[in-house]
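Novice:
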Amino acid sequence: MERADVIILGGGLVGLTLAIALDQYGLSSIVIDPADPSATLARGFDGRASAVSITSWRMLETIGVGAHLEGKGCPIGSIRVNEGLAPGGLSFEPDADEGPLGIMFENRQLREALRQSVLAAPNVTLMMPARPAHSERTAGGVEVRLQDGRTVSGALLIGAEGRQSPTRDAAGIRLARWSYDHTAMISTVNHAHPHGNIAYEIFYPAGPFAILPLLPAEDGLNRSAIVWTVKGSEAPAMLGLPERAYAAEIEKRMGGFLGQVTLCSPRSSYPLGFHHAAKITAERLALVGDAAHGIHPIAGQGLNLGFRDAAALVEVLVEGARIGLDAGDAQLLARYERWRSLDTMMVAASTDGLTRLFGIPGRTASLVRRIGLGAVARIAPLKQRFMDEARGQSGELPRLLRGVAV
Ligand SMILES: Cc1cc2nc3c(=O)[nH]c(=O)nc-3n(C[C@H](O)[C@H](O)[C@H](O)COP(=O)(O)OP(=O)(O)OC[C@H]3O[C@@H](n4cnc5c(N)ncnc54)[C@H](O)[C@@H]3O)c2cc1C
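Those letters in the sequence shown? Residues 3 to 408, per our numbering, in order.
Structure below.
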């Protein structure tokens with residue numbers, strides 16, 4: 003029977019990052035995921051792009067993943083937030099010496115970079131595709147039986163299986179969950195005018211519309227990722243539009259400031275919801291990433307929260323190992339629980355509040371939002387706080403997110 007310090011169920015963006023970071027400190031892991039990498043790395047599997055905050059980027063660099071991503075990300079120099087196409091709004095522009103607010107990567111690039119790193123990591127055993135059939139946690143350790151009959155064991159089980167985490171549900175961890183009746187329609191577009199490294203968040207009554215800067219592809223054309231949120235019931239009709247009509251709708255919502263728009267990727271869509279696990283640990287179990295929490299992509303923070311989970315868990319486990327504690331030790335899990343619960347709750351609550359604030363129709367609500375945006379613009383510390391949030395610099399940061407070895 004193969005044995006490792008931790009068994010990670012789920013080799014998505016967060017699960018693999020965790021395995022690679024643990025490997026750097028000599029902690030071994032077995033990653034089990036039923037998905038076939040030839041499918042998940044194919045073009046068109048995940049057409050999304052993610053805003054990776056500067057602190058998350060520091061971690062990716064520190065654990066060696068950054069080397070595979072060098073030159074592939076588009077820095078976000080500033081963020082503009084607007085209520086529809088009305089004049090005014092809010093612009094977050096850091097000083098030149100502060101560096102970018104985040105970096106846009108295509109999810110496919112992130113997946114490829116993580117896979118290259120994980121295959122080179124001596125302390126990671128990747129079982130993918132492989133489907134877990136049964137897992138058991140006892141005071142002495144954890145054991146996972148795979149559907150193909152193999153069994154693996156370790157000191158700690160990690161649930162990194164995304165939103166529908168069966169491990170979380172089997173552990174009886176309660177979940178606060180609601181749906182936003184929003185669907186995010188994702189596409190990538192070419193446009194006539196350069197984006198100038200600006201990310202735009204434009205709030206329409208039907209939902210937020212985000213334009214996120216990407217580097218040009220091989221053809222050298224200006225390129226951005228579009229996250230267009232509409233009411234769930236309206237999505238099928240919009241997604242059914244012919245490509246040119248869909249591009250024209252995007253151009254209209256951009257107010258024409260990036261010039262003519264053409265689609266350069268297939269469209270995809272995601273129903274949006276919120277969920278928050280009441281606990282993220284149990285006996286010899288820790289949850290990370292979307293298994294623990296899922297938020298509206300309005301502020302592009304979901305993956306960054308998952309990276310923060312990974313960074314905190316690595317720090318706790320590595321420090322524990324140094325004083326001779328095994329990875330499933332209850333004190334270590336309690337520290338992880340305390341560390342992460344406040345941060346995830348704060349980000350979840352502010353993202354949910356933002357979604358609701360900007361989702362309320364009517365002229366009075368619109369006026370309140372404009373006054374709110376104006377106030378944030380005038381109050382420097384508040385504005386700085388929003389920028390720190392975008393950079394991932396709020397709260398007590400694990401060392402990896404400060405670019406410092408554990
Ligand atoms: C439209 C949209 C836009 C977004 N944009 C951003 C953004 O700009 N910035 C940002 O920070 N975040 C963003 N997010 C959020 C981000 O995509 C997620 O938070 C992130 O993908 C979570 O990663 P994860 O590894 O936890 O889960 P997932 O990526 O869902 O990975 C879970 C893995 O577990 C595997 N799995 C499933 N079941 C099992 C099982 N039973 N056993 C073992 N393995 C299993 C799956 O095959 C998968 O590989 C966005 C989300 C959406 C919907």
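Glycine included, every Cβ here is placed at the ideal spot set by N, Cα and C.
#1: Closest to A132 by CA distance: which of V33, G101 and S226 is it?
#2: Under 7 Å, do R286 and R139 count as touching if we go by C-beta distance?
#3: Between the Cα of R117 and those of G101, D38 and Q166, spot the shortest distance and give me the residue it belongs to.
#4: Any idea what DSSP makes of Y27, helix, strand or coil?
#5: Have a look at A6 and G291 and give me their C-alpha separation to the nearest angstrom.
#6: So, are the CB atoms of S52 and L305 less than 7 Å apart?
#7: Grab me the residues of M61's own chain with a C-beta within less than 7 Å of its C-beta, minus the 5 sequence neighbours each way, in chain order.
#8: Quick one: what's got a C-beta closer than 8 Å to R179's C-beta in the same chain, skipping five residues either side?
#9: Measuring CB atoms only, is the stretch 3–21 touching the stretch 154–162, in the sense that at least three cross pairs come out at less than 8 Å?
#10: In chain order, what residues of the same chain lie with their CB nearer than 7 Å to the CB of P215, ignoring the 5 residues before and after it?
#11: Let me know if S167 comes out buried or exposed under the rule of 16 or more other beta-carbons within 10 Å of its beta-carbon.
#12: Compare the Cα-Cα distances from K400 to each of L11, H295, E95 and D345 and report the closest residue.
#13: Suppose contacts are defined by Cβ-Cβ distances below 7 Å. Is N109 in contact with D48 by that definition?
#14: If you draw a straight line from the C-alpha of V316 to the C-alpha of M3, how long is it?
#15: Quick one: is the Cβ of E285 within less than 6 Å of any heavy atom of ligand 1?
#16: What's the C-alpha gap between T231 and L307?
#17: Only counting the same chain, and skipping five residues up and downstream in sequence, which positions put a Cβ closer than 7 Å to that of M30?
#18: Measure the alpha-carbon distance for E100 versus S93 and round it to whole angstroms.
#19: Within a Cβ cutoff of 6 Å, which residues of the same chain sit near A194, ignoring the five residues on either side of it in sequence?
#20: Under DSSP, the alpha helix (DSSP H) around M256 begins and ends at which residues?
#21: In whole angstroms, what separates the C-alpha of R147 from that of G86?
#22: In the DSSP assignment, find the beta strand (DSSP E) that holds G275 and state where it starts and stops.
#23: Is G14 near ligand 1, judged by its Cβ being under 6 Å from some heavy atom?
#24: In angstroms, rounded to a whole number, what distance separates the CA positions of A212 and R82?
#25: Assign D150 to one of two classes, buried (16 or more other C-beta atoms within 10 Å of its C-beta) or exposed (fewer than that).
#26: To the nearest angstrom, report how far apart G339 and K281 are at their CA atoms.
#27: Under 7 Å, do D221 and A123 count as touching if we go by C-beta distance?
#28: To test your reading of the DSSP string, which unbroken beta strand (DSSP E) runs of 3 or more residues are found completely within the stretch 83–128?
#29: Quick check on P238: does DSSP put it in helix, strand or coil?
#30: Hey, how far is the Cα of G142 from the Cα of L289?
#31: Taking 6 Å as the cut-off, is the C-beta of Q303 nearer than that to any heavy atom in ligand 1?
#32: Indicate, with yes or no, if ligand 1 has a heavy atom lying under 6 Å from the CB of L217.
#33: In terms of alpha-carbon separation, which member of L103, R113, I9 and G209 lies closest to S40?
#34: Any idea if V320 is buried or exposed, counting beta-carbon neighbours within 10 angstroms, 16 or more meaning buried?
#35: For V349, does the count of other Cβ atoms within 10 angstroms reach 16, so buried, or fall short, so exposed?
#36: Any heavy atom of ligand 1 closer than 6 Å to the beta-carbon of S52?
Specialist: On the basis of the data shown:
#1: One-based indexing of the sequence shown puts residue 132 at position 130. Selected option, being the one with the closest Cα: V33.
#2: The count along the sequence shown starts at 1 and reaches residue 286 at position 284. The count along the sequence shown starts at 1 and reaches residue 139 at position 137. Yes, Cβ-Cβ distance for R286 and R139 is below 7 Å.
#3: On the sequence shown, position 115 is the one that residue 117 refers to. The shortest Cα separation from R117 among G101, D38 and Q166 belongs to D38.
#4: Working through the sequence shown from its first residue, we reach residue 27 at position 25. In the structure shown, Y27 sits in coil (DSSP, three-state: anything other than H, G, I, E or B).
#5: Translated into the one-based positions of the sequence shown, residue 6 becomes position 4. Translated into the one-based positions of the sequence shown, residue 291 becomes position 289. Roughly 21 Å separates the two Cα atoms.
#6: As a working note, residue 52 is residue 50 in the sequence shown. As a working note, residue 305 is residue 303 in the sequence shown. It is a contact, given that the beta carbons lie within the stated cut-off.
#7: Start at 1 with the first residue of the sequence shown, and residue 61 comes out as number 59. Excluding sequence neighbours, M61 sits near F309, A313, L402 and L403.
#8: Position 177 of the sequence shown holds residue 179. Cβ neighbours of R179 beyond the five flanking positions: G275, F276, H277 and H278.
#9: yes
#10: Residue 215 sits at position 213 when you count from the first residue of the sequence shown. Cβ within range, chain order: C76, I78, M106, H197, N199, I200, A201 and S226.
#11: Your numbering for residue 167 matches position 165 in the sequence shown. S167 is buried by the Cβ-count criterion.
#12: To locate residue 400, count along the sequence shown from 1; it is residue 398. According to the sequence shown, residue 400 is Pro rather than Lys. Of the candidates L11, H295, E95 and D345, the one whose C-alpha sits nearest the C-alpha of P400 is D345.
#13: Residue 109 sits at position 107 when you count from the first residue of the sequence shown. Residue 48 sits at position 46 when you count from the first residue of the sequence shown. Yes.
#14: Residue numbering aside, residue 316 sits at position 314 when the sequence shown is read from its first letter. Residue numbering aside, residue 3 sits at position 1 when the sequence shown is read from its first letter. If you draw a straight line from the Cα of V316 to the Cα of M3, it comes to about 25 Å.
#15: On the sequence shown, position 283 is the one that residue 285 refers to. For ligand 1, not one heavy atom lies less than 6 Å from the Cβ of E285.
#16: Counted from its first residue, the sequence shown places residue 231 at position 229. Counted from its first residue, the sequence shown places residue 307 at position 305. Cα-Cα distance, rounded: 21 Å.
#17: The residue given as residue 30 occupies position 28 in the sequence shown. In the sequence as presented, Met is not what sits at residue 30; that position holds Ser. If we look at S30 and ignore the five residues flanking it on each side, its Cβ neighbours are A6, D7 and N125.
#18: Taking the sequence shown and counting its residues from 1, the one referred to as residue 100 is at position 98. Taking the sequence shown and counting its residues from 1, the one referred to as residue 93 is at position 91. So the two alpha carbons sit approximately 16 Å from each other.
#19: As a first step, residue 194 is located in the sequence shown; it is residue number 192 there, counting from the start. Hits under 6 Å: G261 and Q262.
#20: Taking the first residue of the sequence shown as position 1, residue 256 is located at position 254. From DSSP, the alpha helix (DSSP H) with M256 extends over E245 to M256.
#21: The count along the sequence shown starts at 1 and reaches residue 147 at position 145. The count along the sequence shown starts at 1 and reaches residue 86 at position 84. Spanning the two alpha carbons is a distance of roughly 52 Å.
#22: What you label residue 275 is simply residue 273 of the sequence shown in a count that begins at 1. G275 -> beta strand (DSSP E) spans S270 to A279.
#23: The residue given as residue 14 occupies position 12 in the sequence shown. G14 has its CB nearer than 6 Å to a heavy atom of ligand 1.
#24: Numbered from its first residue, the sequence shown carries residue 212 at position 210. Numbered from its first residue, the sequence shown carries residue 82 at position 80. Cα-Cα distance, rounded: 10 Å.
#25: For the purposes of this step, residue 150 is identified with residue 148 of the sequence shown, where counting begins at 1. In summary, D150 is exposed, with fewer than 16 beta-carbon neighbours lying within 10 Å of its beta-carbon over all protein chains present.
#26: What you label residue 339 is simply residue 337 of the sequence shown in a count that begins at 1. What you label residue 281 is simply residue 279 of the sequence shown in a count that begins at 1. The sequence shown places Glu at residue 339, rather than the Gly named in the question. Rounded to the nearest angstrom, the two C-alpha atoms are 7 Å apart.
#27: Position 219 of the sequence shown, counted from the start, is the residue given in the question as residue 221. Position 121 of the sequence shown, counted from the start, is the residue given in the question as residue 123. It is not a contact, given that the beta carbons lie outside the stated cut-off.
#28: 92–94 and 104–108
#29: What you label residue 238 is simply residue 236 of the sequence shown in a count that begins at 1. In the structure shown, P238 sits in a helix (DSSP, three-state: H, G or I).
#30: Here the question's residue 142 lines up with position 140 in the sequence shown. Here the question's residue 289 lines up with position 287 in the sequence shown. Taking the straight line joining both Cα atoms gives about 19 Å.
#31: If you number the sequence shown from 1, residue 303 lands on position 301. Result yes, Cβ under 6 Å from ligand 1.
#32: For this step, residue 217 is matched to residue 215 along the sequence shown. Checking the Cβ of L217 against ligand 1 gives no.
#33: As a position in the sequence shown, residue 40 is number 38, starting the count at 1. Of L103, R113, I9 and G209, the residue nearest in Cα terms is R113.
#34: One-based indexing of the sequence shown puts residue 320 at position 318. The residue in question, V320, is buried, as its Cβ has 16 or more Cβ neighbours within 10 Å.
#35: One-based indexing of the sequence shown puts residue 349 at position 347. Buried.
#36: In the sequence shown, counting from the first residue as 1, residue 52 sits at position 50. Yes, the beta carbon of S52 sits closer than 6 Å to at least one heavy atom of ligand 1.
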